[in-house]
Amino acid sequence: MIAFADLAGQSALIGQLQHDFARGSYVHAYLLTGPGGTGKRSAAQLCTMAALCRGEHKPCGACGPCRRVLSGTHPDVHTVVPEKGKQIIGVGVMREMLDTVAVKSFEDGAKVILIPQAERMNAAAQNCLLKTLEEPPERTVFFLITDQPAALLPTIVSRCRVVRFHPLTEEACQKRLIALGQSPEMAKKKARIAEGCVGRALEIDDGQLDLRMELTHSVFSVHHPADALGVVNMYKEDKERQKLVLDTLEIALRDILVQQAGGASVADAGYAREALDYASRVPLSGGLTLMETLRRARVMLASNVAFTSAFETVLNYTTLTPTGWICTTA
Numbered sequence: 000m001i002a003f004a005d006l007a008g009q010s011a012l013i014g015q016l017q018h019d020f021a022r023g024s025y026v027h028a029y030l031l032t033g034p035g036g037t038g039k040r041s042a043a044q045l046c047t048m049a050a051l052c053r054g055e056h057k058p059c060g061a062c063g064p065c066r067r068v069l070s071g072t073h074p075d076v077h078t079v080v081p082e083k084g085k086q087i088i089g090v091g092v093m094r095e096m097l098d099t100v101a102v103k104s105f106e107d108g109a110k111v112i113l114i115p116q117a118e119r120m121n122a123a124a125q126n127c128l129l130k131t132l133e134e135p136p137e138r139t140v141f142f143l144i145t146d147q148p149a150a151l152l153p154t155i156v157s158r159c160r161v162v163r164f165h166p167l168t169e170e171a172c173q174k175r176l177i178a179l180g181q182s183p184e185m186a187k188k189k190a191r192i193a194e195g196c197v198g199r200a201l202e203i204d205d206g207q208l209d210l211r212m213e214l215t216h217s218v219f220s221v222h223h224p225a226d227a228l229g230v231v232n233m234y235k236e237d238k239e240r241q242k243l244v245l246d247t248l249e250i251a252l253r254d255i256l257v258q259q260a261g262g263a264s265v266a267d268a269g270y271a272r273e274a275l276d277y278a279s280r281v282p283l284s285g286g287l288t289l290m291e292t293l294r295r296a297r298v299m300l301a302s303n304v305a306f307t308s309a310f311e312t313v314l315n316y317t318t319l320t321p322t323g324w325i326c327t328t329a
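The sequence shown begins at 0 in numbering that gives the first Met the number 0 and counts up by one.
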């Protein structure tokens, strides 16, 4: 079982959460926000265990409630997710969950509501939740977890205690990965790719590292932006790979921009030759422009725009010159 002490780099905020839940002095709603892989879900699980724990030192991990939380079978812990086949949490799902809140707890203790992708709630679902947060039921705690807090209504945010999680430095992340059994070489690569987010780094396998190299080769070797669509089309039906495409290119560009600004060489990151060549010839402004266009694509995908459509729109803003990618439209 993971412990509060295992959430590396978050000691101050974790200490406060541990204090609140060990003593039963927690508030009715928490908004856990920060980049993916920084420990938000693990923290929510630990707090849930502590709220329901019957042991002396909370969470003990050994009592019945703790074991049921760990196995996902506790009857007073409810997780709110989209309906099967849907991306959005609608008002129907939210109303169904709130109906369970109104019922007495099964184990005569607290009730916990987890919303692990809170940004997926549509406006109607958020307004439905807001009414409950304005008049919260006794002994019920909500955990809203998101890396996109701007997607939530300000009135919802104002009724939560906001807990912000932060990535580690790459060096600290690398040390943590080594402590968890990663080789120093692999830990260095993963810490760089994950931008200091330990959880994200642990999800990266060797196949993904190979795919990232392939992607940088494919995209940086094209002679016209439209040629990049051939790469994009390979992943148009794979949501996880779509995210990986954007993550890979953003990370490569970030490292290139750091080099252009006088920082560490991207050669240390093991990028494909084409990316290294790009770094040697593109002006800083060109890299910044391409970074901005990729961020446009990410916003569009978050709004459920088709992957190829998002990339085609991005390419409308972009062209390739002898000195690199530049923006053609303001």
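Each residue gets a CB set at the ideal place from its N, CA and C atoms; glycine is no exception.
Reduced DSSP category for residue i - H, G, I as helix; E, B as strand; rest coil
| i | result |
| --- | --- |
| residue 87 | coil |
| residue 49 | helix |
| residue 145 | strand |
| residue 152 | coil |
| residue 57 | coil |
| residue 203 | coil |
| residue 18 | helix |
| residue 167 | coil |
| residue 271 | For residue 271, the predicted structure reports a pLDDT of 49, less than 50, and the residue's modelled location is therefore unreliable. The matter cannot be settled from this model. |
| residue 76 | strand |
| residue 309 | helix |
Distance CB(residue i)-CB(residue j) smaller than 7 Å
| i | j | result |
| --- | --- | --- |
| residue 37 | residue 164 | yes |
| residue 152 | residue 116 | no |
| residue 54 | residue 62 | yes |
| residue 75 | residue 104 | yes |
| residue 131 | residue 97 | yes |
| residue 48 | residue 88 | no |
| residue 156 | residue 25 | no |
| residue 28 | residue 158 | yes |
| residue 173 | residue 186 | yes |
| residue 241 | residue 306 | yes |
Rounded Cβ spacing between residue i and residue j (contact assumed at less than 8 Å)
| i | j | result |
| --- | --- | --- |
| residue 197 | residue 211 | The Cβ separation is near 18 Å, so there is no contact. |
| residue 50 | residue 109 | 5 Å |
| residue 178 | residue 189 | Actually they are not in contact, since the Cβ atoms of residue 178 and residue 189 sit about 13 Å apart, beyond 8 Å. |
| residue 244 | residue 214 | 6 Å |
| residue 287 | residue 162 | Their Cβ separation, rounded to whole angstroms, is 32 Å, which puts residue 287 and residue 162 out of contact at 8 Å. |
| residue 90 | residue 82 | Contact doesn't hold; Cβ gap of about 11 Å is too wide. |
| residue 78 | residue 128 | Not really, about 14 Å apart at Cβ, beyond 8 Å. |
| residue 192 | residue 250 | 6 Å |
Residues that residue i bridges to, as DSSP identifies them
| i | result |
| --- | --- |
| residue 130 | Paired residues: none, contrary to the question. |
| residue 290 | Beta-bridge pairing links residue 290 to no other residue. |
| residue 28 | 141 |
| residue 114 | 143 |
| residue 160 | 29 |
| residue 120 | 88 |
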